[in-house]
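Comments concern the structure below.
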Ligand SMILES: [Zn+2]
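In the numbering used here, the protein residues as written are 7 to 85.
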């Protein structure tokens with residue numbers, strides 16, 4: 007099994023809507039001039055999944071904690 011080079015590869019193409027030369031990563035482009043984007047399936051590699059991110063929080067505990075804090079603050083302001 008071959009291991010891909012580390013990190014995404016910078017690629018260049020013309021915007022299919024306005025023709026501006028734009029840079030992308032692994033064949034995925036987003037035009038800063040007109041807002042055109044190509045479909046993610048045109049990329050050269052599979053997109054990494056959230057679980058592949060080293061910083062991905064397991065279980066979403068962070069979000070629960072923040073919403074709990076938000077409720078507490080609102081309760082204090084009410085009295
Ligand atoms: Zn464009």
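Each residue gets a CB set at the ideal place from its N, CA and C atoms; glycine is no exception. In this text, all values refer to a predicted model and were calculated from it rather than measured experimentally.
Spatial neighbours of residue i within its chain, please: CB distance less than 8 Å, with the 5 preceding and 5 following residues excluded, ordered by chain position.
{"i": "residue 24", "result": "37, 39, 40, 42"}
Do residue i and residue j have their C-beta atoms closer together than 8 Å?
{"i": "residue 49", "j": "residue 61", "result": "no"}
{"i": "residue 46", "j": "residue 55", "result": "no"}
Count the other C-beta atoms from every protein chain shown that fall within 10 angstroms of the C-beta of residue i, then say buried if there are 16 or more, exposed otherwise.
{"i": "residue 30", "result": "buried"}
{"i": "residue 16", "result": "exposed"}
When you compare the CB of residue i with every CB in chain B, is at least one pair closer than 8 Å?
{"i": "residue 27", "result": "Checking the listed chains, one finds no chain B in this structure; it contains a single protein chain."}
What does DSSP give as the partner residues of residue i in its beta bridges?
{"i": "residue 25", "result": "Answer is none; residue 25 lacks a bridge partner."}
{"i": "residue 30", "result": "17"}
{"i": "residue 43", "result": "36"}
For residue i, I'd like the list of residues in its chain whose CB is within less than 7 Å of its CB, leaving aside the five on either flank, ordered along the chain.
{"i": "residue 14", "result": "31, 32"}
Going by beta carbon distance, what residues of the same chain come within less than 6 Å of residue i, once the five residues before and after it are set aside?
{"i": "residue 21", "result": "28, 37, 42"}
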